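Note sheet for the following structure.
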Amino acid sequence: MSEEKELERELSEMLADGDNRSVEERREEERRLLSPKYEIRIQTQLDPIVEETLKYRSMAKEIDDRYDNYLKKTKHEDKGSE
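First residue of the sequence shown? That's 1 in UniProt numbering, and the numbers climb one at a time after it.
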């Protein structure tokens, strides 16, 4: 019985004490785990999707032409599709 009471006392101490880290350490970890509210985007001269699509189309014909609308939206003409 005394062993059970000892284990129960240790468990209650562990639960009562909680986390041994300081408040500052916990806040730092919370800040690190939060996702950013803002996203930074940089406008570039070349669109990597367009460049890659044009490169692949120069090597092979695309079966379903699924990137045609995207190329039209970006105002890039595919020189090799005709």
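We treat Cβ as the ideally placed atom computed from N, Cα and C, and that holds for glycine. Remember, it's a predicted structure, so these values are computed and weren't measured experimentally.
What residue from the options has the CA that sits closest to residue i's CA?
i          : options          : result
residue 74 : 7, 49 and 24     : 49
residue 70 : 60, 3, 52 and 58 : 52
Note down the Cα distance separating residue i from residue j, rounded to an integer number of angstroms.
i          : j          : result
residue 27 : residue 12 : 25 Å
residue 8  : residue 30 : 31 Å
residue 16 : residue 43 : 53 Å
Could you give the first and the last residue of the continuous alpha helix (DSSP H) run that contains residue i?
i          : result
residue 44 : Segment: none, residue 44 is in no alpha helix (DSSP H) and carries neither H nor E.
residue 29 : 23-33
By DSSP, does residue i sit in helix, in strand, or in coil?
i          : result
residue 71 : helix
residue 5  : helix
residue 37 : coil
With a CB to CB cut of under 7 Å and the five nearest residues on each side skipped, what residues in its chain are close to residue i?
i          : result
residue 47 : 74
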